[in-house]
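Trainee: Can you read through this structure? Questions will come right after.
Protein chains: 2
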Amino acid sequence: MKIAILGFGVVGSGAYEILTHYGYEVKRVLDIRQHEGLENILTSNFDDILNDKEISVVCEAIGGLEPAHTFVVKALKAGKHVVSSNKHLICTYYDELHKLAIENGVTIKFTSSAGGGIPWLYNLKRGVRCDEITKIMGIMNGTTNFILDAMISDSRDFDDVLKEAQALGYAEANPSADIDGLDTARKTAISSSIAFDTIIKEENVSVFGLRNIKKADIDYIKANLNKTVRYLGFGIKNGDTVAAFVEPTILGYDQLEANVYKNFNMITLFGEGVGRLSFYGQGAGKYPTGNSLAQDVIDIIKGDTKLVYPSKEAKVDNSAASRKYYVRTSASVPCDIIDSAESIDGINYIITKKMGVDSIHGYAKDIFANDSGAFFAGIEE
Amino acid sequence: MKIAILGFGVVGSGAYEILTHYGYEVKRVLDIRQHEGLENILTSNFDDILNDKEISVVCEAIGGLEPAHTFVVKALKAGKHVVSSNKHLICTYYDELHKLAIENGVTIKFTSSAGGGIPWLYNLKRGVRCDEITKIMGIMNGTTNFILDAMISDSRDFDDVLKEAQALGYAEANPSADIDGLDTARKTAISSSIAFDTIIKEENVSVFGLRNIKKADIDYIKANLNKTVRYLGFGIKNGDTVAAFVEPTILGYDQLEANVYKNFNMITLFGEGVGRLSFYGQGAGKYPTGNSLAQDVIDIIKGDTKLVYPSKEAKVDNSAASRKYYVRTSASVPCDIIDSAESIDGINYIITKKMGVDSIHGYAKDIFANDSGAFFAGIEE
Chain A
1 MKIAILGFGV VGSGAYEILT HYGYEVKRVL DIRQHEGLEN ILTSNFDDIL NDKEISVVCE
61 AIGGLEPAHT FVVKALKAGK HVVSSNKHLI CTYYDELHKL AIENGVTIKF TSSAGGGIPW
121 LYNLKRGVRC DEITKIMGIM NGTTNFILDA MISDSRDFDD VLKEAQALGY AEANPSADID
181 GLDTARKTAI SSSIAFDTII KEENVSVFGL RNIKKADIDY IKANLNKTVR YLGFGIKNGD
241 TVAAFVEPTI LGYDQLEANV YKNFNMITLF GEGVGRLSFY GQGAGKYPTG NSLAQDVIDI
301 IKGDTKLVYP SKEAKVDNSA ASRKYYVRTS ASVPCDIIDS AESIDGINYI ITKKMGVDSI
361 HGYAKDIFAN DSGAFFAGIE E
Chain B
382 MKIAILGFGV VGSGAYEILT HYGYEVKRVL DIRQHEGLEN ILTSNFDDIL NDKEISVVCE
442 AIGGLEPAHT FVVKALKAGK HVVSSNKHLI CTYYDELHKL AIENGVTIKF TSSAGGGIPW
502 LYNLKRGVRC DEITKIMGIM NGTTNFILDA MISDSRDFDD VLKEAQALGY AEANPSADID
562 GLDTARKTAI SSSIAFDTII KEENVSVFGL RNIKKADIDY IKANLNKTVR YLGFGIKNGD
622 TVAAFVEPTI LGYDQLEANV YKNFNMITLF GEGVGRLSFY GQGAGKYPTG NSLAQDVIDI
682 IKGDTKLVYP SKEAKVDNSA ASRKYYVRTS ASVPCDIIDS AESIDGINYI ITKKMGVDSI
742 HGYAKDIFAN DSGAFFAGIE E
């Protein structure tokens with residue numbers, strides 16, 4: 001079985017180095033740039049890969065929707081297995097890509113699309129074979145964890161740390177996907193789809209961003225609750241429905257997640273049989289994510305190519321999951337949801353009653369309309 | 382493919398329930414006791430399983446060396462795949478069982494022999510396919526973690542907590558395998574064998590037990606070092622050699638292991654490519670360990686049956702790994718290894734210089750000869 005890698009950026013080149021070092025043959029690399037040493041296998045024409053009968057595994061590391069989507073669809077239709085690290089692609093076309101792969105007798109694997117170097121999705125998929133998963137949760141975005149850790153450890157403010165993260169290359173020039181939660185929402189959607197054998201879309205996931213957090217929030221939460229903050233995605237099963245949301249989350253210092261620093265990730269499943277199972281490691285990077293991509297390729301080469309279409313229809317209902325919330329805003333908050341509140345220099349610091357996730361996200365719309373800088377965080381018990 | 386389960390205790394019955402619930406056929410259960418509802422498949426005669434051509438996977442959950450060893454050897458020779466949760470068996474006969482399986486064209490899997498419900502050995506084995514593992518370490522024994530957590534959280538002394546653990550069924554009437562480190566040493570040996578593609582035996586692992594720890598040690602370490610204690614096994618690669626040891630280990634409060642409570646386990650690999658990867662979960666119990674056993678069986682049924690004999694000869698050398706040590710003893714300690722020391726009520730509390738693991742275990746023999754209650758703990762940097 002010969003391999004083609006689409007995209008020779010950070011992740012694609014990492015997977016290339018690992019696969020070739022361990023004796024797997026990468027016959028073609030698709031990239032529009034020139035790369036020294038790759039002259040014999042480099043092409044900028046996808047047809048060179050599509051029409052090559054020797055290539056049976058296509059490893060997509062381009063990122064984004066196009067041209068990745070077009071290439072992956074063509075590869076599947078041509079009867080080639082696909083491995084992808086592209087969470088945007090997988091999340092958007094989960095349904096179509098699974099159907100196409102099954103129709104064409106091939107598989108699609110995407111372990112590296114959530115958790116980077118952590119074999120999270122791989123083990124989650126293995127876990128559902130003989131267990132009922134009731135909940136998944138985790139720190140799935142290294143950039144926001146880096147920002148939070150720096151704010152907390154060094155007592156700095158958000159904008160200052162974000163600039164440093166951008167200078168270090170941890171955050172993009174446009175950091176929205178990270179700090180507004182889209183990246184974590186996509187990973188939560190993919191993880192929930194596997195965990196609950198259904199298809200959860202990114203628009204099904206309710207999101208509070210991290211963008212509005214201030215040093216004042218971290219100080220207030222520490223002083224008044226003796227807790228800290230991390231940015232987590234959640235998928236929770238409730239009978240036939242699934243609650244899926246991404247929120248800054250307030251945790252005790254003795255929680256494992258509260259001890260995840262720098263750009264590391266930690267993702268957890270709760271199984272009825274196996275109990276809590278957590279996975280910790282590098283959520284991004286050339287060799288960690290390249291490793292996950294390479295592992296998926298090796299699994300295919302070793303014969304693990306059976307793919308099953310999700311059996312259940314997704315019913316997302318965020319009313320079944322509930323928690324207390326911390327809200328910091330200059331806007332007014334309805335009295336009936338307030339458990340305790342104080343006002344400091346015209347800013348309201350509020351702890352809500354325990355309330356449904358759907359409910360607080362509903363109230364938040366009104367509050368944001370009056371205070372676009374309001375900050376919301378769920379309190380994990 | 383039909384399955385036989387040997388031993389219907391906690392783990393065997395857990396695996397049975399999981400496998401049958403998910404549609405896998407357990408044709409025979411071997412046990413000398415009667416079990417209601419199992420009348421049609423129960424036998425006390427192993428030949429009923431050995432001679433049954435329909436049974437191709439034998440799942441050993443008896444524990445101990447005999448008769449487990451005899452049964453497993455016979456099963457492998459009869460061309461049946463073997464799954465085992467038995468760390469004593471796997472550690473003692475690693476070499477023989479691997480050779481026998483390969484000779485007979487079958488596999489032997491033992492994920493549940495270290496880490497219980499955590500797919501640790503499974504992922505470690507997957508990890509070495511395309512990475513160089515440089516170190517493994519972990520909390521691998523739930524009983525000692527339960528004892529340490531209770532001592533630290535509730536400020537109690539060892540004997541008191543051990544009695545509670547025995548009453549709760551967490552510790553055996555004879556707790557030596559747990560508190561003297563043999564259980565962790567075996568899991569460290571098996572993990573190191575996989576990580577470094579060699580065969581490490583339990584007698585190669587240097588061990589400091591947990592038996593001698595006192596509340597006074599925990600208090601001293603907290604007051605003077607601002608750190609806490611967990612019981613860890615380590616396997617560290619140094620060129621062509623491996624250092625393997627089990628020691629009470631002093632950790633900062635922000636270390637992940639320091640936040641592992643109750644009887645949970647956390648085990649970690651360090652890969653050159655993937656970086657640090659940690660796995661956390663239940664290290665024992667009917668359904669967690671039963672889950673790991675069932676997963677191994679399912680892997681075999683799905684066709685994952687290739688087994689490779691370790692390629693390297695083990696050279697254990699504990700001189701290459703080094704750390705500082707905390708020593709509490711009424712005996713005298715050679716001045717040249719002491720970094721700092723104080724004497725309280727005739728007891729010496731010592732922090733050593735950074736020294737080789739082999740070296741401190743050598744000195745410890747002399748110190749134990751004069752003070753059988755001395756306590757040693759490595760300090761993790």
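From first to last, the protein sequence lines stand for chains A and B. Numbered as in the numbering used here, the first sequence ends at 381 without a single skipped number. Numbered as in the numbering used here, the second sequence ends at 762 without a single skipped number. No residue lacks a Cβ here, since even glycine has one placed at the ideal position from N, Cα and C.
With DSSP as the reference, identify every bridge partner of MET266 of chain A, one or two as the case may be.
Mentor: Taking the first sequence and counting its residues from 1, one reaches residue 266 of chain A at position 266. Partner(s): A:ILE139 and A:TYR280.
Trainee: Are the C-beta atoms of ALA675 of chain B and some chain A residue less than 8 Å apart?
Mentor: For the purposes of this step, residue 675 of chain B is taken as the residue at position 294 of the second sequence. Output row for ALA675 of chain B: interface = yes.
Trainee: Mind listing, in chain order, the continuous beta strand (DSSP E) runs of no fewer than 3 residues lying wholly within the segment 393-457 of chain B?
Mentor: Those beta strand (DSSP E) runs which fall completely within the segment 393-457 of chain B and span 3+ residues are 407-411 and 436-441.
Trainee: Name the residue from A:ALA61, A:GLY14, A:THR70 and A:SER343 whose alpha carbon lies nearest to the alpha carbon of TYR220 of chain A.
Mentor: Here residue 220 of chain A is taken as the residue at index 220 of the first sequence, counted from 1. The option with the nearest alpha carbon to TYR220 of chain A is A:SER343.
Trainee: By Cβ distance below 8 Å, which residues in the same chain neighbour GLY445 of chain B in space, the five residues on each side in sequence not counted?
Mentor: Residue numbering aside, residue 445 of chain B sits at position 64 when the second sequence is read from its first letter. The answer, listed in chain order, is ASN467, HIS469 and LEU470.
Trainee: Give, in chain order, every unbroken run of the beta strand (DSSP E) that is at least 3 residues long and sits entirely within the segment 497-580 of chain B.
Mentor: Runs of the beta strand (DSSP E) inside the segment 497-580 of chain B: 514-520.
Trainee: List, in order along the chain, the chain B residues whose C-beta lies closer than 7 Å to that of ILE298 of chain A?
Mentor: Within the first sequence, numbered from 1, the residue matching residue 298 of chain A stands at position 298. Near ILE298 of chain A (Cβ distances below 7 Å), the residues of chain B are ARG510 and CYS511.
Trainee: Taking only the alpha-carbon atoms, compute the straight-line gap between TYR432 of chain B and ILE443 of chain B and give it to the nearest angstrom.
Mentor: Numbered from its first residue, the second sequence carries residue 432 of chain B at position 51. Numbered from its first residue, the second sequence carries residue 443 of chain B at position 62. Residue 432 of chain B is actually Asn in this sequence, not Tyr. ASN432 of chain B and ILE443 of chain B: Cα-Cα distance of roughly 20 Å.
Trainee: Short check: CB of ALA150 of chain A to CB of THR188 of chain A, under 8 Å?
Mentor: Taking the first residue of the first sequence as 1, we reach residue 150 of chain A at position 150. Taking the first residue of the first sequence as 1, we reach residue 188 of chain A at position 188. Cβ distance not < 8 Å, so ALA150 of chain A and THR188 of chain A don't count as in contact.
Trainee: So what's ALA320 of chain A in DSSP terms, helix, strand or just coil?
Mentor: Position 320 of the first sequence holds residue 320 of chain A. Looking at ALA320 of chain A - three-state DSSP - the assignment turns out to be coil, as it is neither helix nor strand.
Trainee: Quick check on TYR475 of chain B: does DSSP put it in helix, strand or coil?
Mentor: As a working mapping, residue 475 of chain B is identified with position 94 in the second sequence. Helix at TYR475 of chain B.
Trainee: What residue does the beta strand (DSSP E) around ASN485 of chain B start on, and which one ends it?
Mentor: Position 104 of the second sequence holds residue 485 of chain B. ASN485 of chain B -> no beta strand (DSSP E), and no H or E assigned at all.
Trainee: Among B:LYS734, B:ARG709 and B:TYR744, which has the Cα closest to the Cα of GLY727 of chain B?
Mentor: Counting from one through the second sequence, the residue named residue 727 of chain B turns up at place 346. Of the candidates B:LYS734, B:ARG709 and B:TYR744, the one whose C-alpha sits nearest the C-alpha of GLY727 of chain B is B:ARG709.
Trainee: At a Cβ threshold of 8 Å, is GLY142 of chain A touching chain B?
Mentor: By 1-based counting over the first sequence, the position of residue 142 of chain A is 142. It does not; no Cβ of chain B falls within 8 Å.
Trainee: I'd like to know if the segment 114-121 of chain A and the segment 648-668 of chain B are in contact, where contact means that at least 3 CB-CB pairs between them fall below 8 Å.
Mentor: Counting Cβ pairs under 8 Å, three or more are found: they touch.
Trainee: Return yes when the Cβ of THR733 of chain B is within less than 8 Å of the Cβ of LYS705 of chain B, no when it is not.
Mentor: Position 324 of the second sequence holds residue 705 of chain B. Position 352 of the second sequence holds residue 733 of chain B. The answer is yes: Cβ separation under 8 Å.
Trainee: Could you tell me the distance, in whole angstroms, from the CA atom of ASP31 of chain A to the CA atom of ASN104 of chain A?
Mentor: Within the first sequence, the letter at position 31 stands for residue 31 of chain A. Within the first sequence, the letter at position 104 stands for residue 104 of chain A. Their backbone Cα atoms lie some 26 Å apart in a straight line.
Trainee: Would TYR287 of chain A count as contacting chain B if we go by Cβ distances under 8 Å?
Mentor: Here residue 287 of chain A refers to the residue found at position 287 when the first sequence is read from its first residue. By this cut-off, TYR287 of chain A is an interface position.
Trainee: With a threshold of 8 Å between beta carbons, is LEU637 of chain B in contact with chain A?
Mentor: Residue 637 of chain B sits at position 256 when you count from the first residue of the second sequence. Yes, LEU637 of chain B lies at the interface with chain A (some Cβ there is under 8 Å from its Cβ).
Trainee: Counting only beta-carbon atoms, is VAL410 of chain B nearer than 8 Å to chain A?
Mentor: Taking the second sequence and counting its residues from 1, the one referred to as residue 410 of chain B is at position 29. No - not a single Cβ of chain A is within 8 Å of the one on VAL410 of chain B.
Trainee: Just to confirm my understanding: we take ILE718 of chain B, look at its own chain, exclude 5 residues before and 5 after, and list those with CB closer than 7 Å. What are they?
Mentor: Taking the second sequence and counting its residues from 1, the one referred to as residue 718 of chain B is at position 337. Hits under 7 Å: THR733, LYS734, MET736 and TYR744.
Trainee: Determine, using beta carbons only, whether ARG276 of chain A comes closer than 8 Å to chain B.
Mentor: Taking the first residue of the first sequence as 1, we reach residue 276 of chain A at position 276. Chain B, which has a Cβ nearer than 8 Å to the Cβ of ARG276 of chain A, makes this yes.
Trainee: Considering just the uninterrupted stretch of the beta strand (DSSP E) at GLY743 of chain B, what are its terminal residues?
Mentor: Position 362 of the second sequence, counting from 1, holds the residue named residue 743 of chain B. Where GLY743 of chain B is concerned, there is no enclosing beta strand (DSSP E), although the alpha helix (DSSP H) it sits in stretches over 738-751.
Trainee: Can you name, in chain order, every residue of its own chain whose Cβ lies under 6 Å from the Cβ of SER112 of chain A, other than the five neighbours on each side?
Mentor: Looking up residue 112 of chain A in the first sequence gives position 112. SER85, THR289, SER292 and LEU293, listed in sequence order.
Trainee: Just the chain A side, please: which residues come within less than 8 Å of ASN504 of chain B by C-beta, in chain order?
Mentor: One-based indexing of the second sequence puts residue 504 of chain B at position 123. Per Cβ cutoff of 8 Å: PRO119 and ASN123.
Trainee: Does the Cβ-Cβ distance between ASN585 of chain B and ALA755 of chain B come in under 8 Å?
Mentor: Here residue 585 of chain B corresponds to residue number 204 of the second sequence, with the count starting at 1. Here residue 755 of chain B corresponds to residue number 374 of the second sequence, with the count starting at 1. For ASN585 of chain B and ALA755 of chain B, no; Cβs fall outside 8 Å.
Trainee: List the DSSP bridge partners of TYR706 of chain B.
Mentor: As a working note, residue 706 of chain B is residue 325 in the second sequence. DSSP output for TYR706 of chain B lists B:GLY759 as bridge partner(s).
Trainee: Following the continuous beta strand (DSSP E) through ASN348 of chain A, name the residue where it begins and the one where it ends.
Mentor: Indexing the first sequence from 1 puts residue 348 of chain A at position 348. It spans 347-352 - the beta strand (DSSP E) in which ASN348 of chain A sits, taken as one unbroken run.
Trainee: So what does VAL618 of chain B bridge to, in DSSP terms?
Mentor: Position 237 of the second sequence, counting from 1, holds the residue named residue 618 of chain B. At residue 618 of chain B the sequence reads Lys, which differs from the Val that was named. Looking at the DSSP assignment, LYS618 of chain B forms a beta bridge with B:VAL623.
Trainee: Would you please state the rounded distance, in angstroms, between the beta carbons of PHE264 of chain A and GLY142 of chain A? I believe it to be under 8 Å.
Mentor: As a working note, residue 264 of chain A is residue 264 in the first sequence. As a working note, residue 142 of chain A is residue 142 in the first sequence. That belief holds up - the Cβ atoms of PHE264 of chain A and GLY142 of chain A are roughly 7 Å apart, short of 8 Å.
Trainee: Does the Cβ of THR401 of chain B have 16 or more other Cβ atoms within 10 Å, making it buried, or fewer, making it exposed?
Mentor: Translated into positions along the second sequence, residue 401 of chain B becomes position 20. So THR401 of chain B counts as exposed.
Trainee: Quick check on the burial criterion: 16 or more other C-beta atoms within 10 angstroms. Buried or exposed for GLU417 of chain B?
Mentor: Within the second sequence, the letter at position 36 stands for residue 417 of chain B. So GLU417 of chain B ends up on the exposed side.
Trainee: Please go through the same chain and pick out, in chain order, the residues whose beta-carbon is closer than 6 Å to the beta-carbon of GLN491 of chain B, but skip the five residues on each side of it.
Mentor: The sequence position of residue 491 of chain B within the second sequence is 110, counting from 1. The residue you asked about is not Gln; residue 491 of chain B is Phe in the sequence shown. Only SER465 and ILE471 meet the Cβ criterion.
Trainee: Run through chain A and tell me which residues come within less than 7 Å of PHE660 of chain B, C-beta to C-beta.
Mentor: Numbered from 1 along the second sequence, position 279 holds the residue referred to as residue 660 of chain B. Under the 7 Å cutoff, chain A gives PHE279.
Trainee: Within 8 Å, do at least three Cβ pairs link the segment 534-546 of chain B to the segment 680-698 of chain B?
Mentor: With a cut-off of 8 Å, the segment 534-546 of chain B and the segment 680-698 of chain B do not count as touching, because too few Cβ pairs lie within range.
Trainee: Chain B beta carbons: is any one of them nearer than 8 Å to that of ASN259 of chain A?
Mentor: One-based indexing of the first sequence puts residue 259 of chain A at position 259. It does: the Cβ of ASN259 of chain A has a partner Cβ on chain B nearer than 8 Å.
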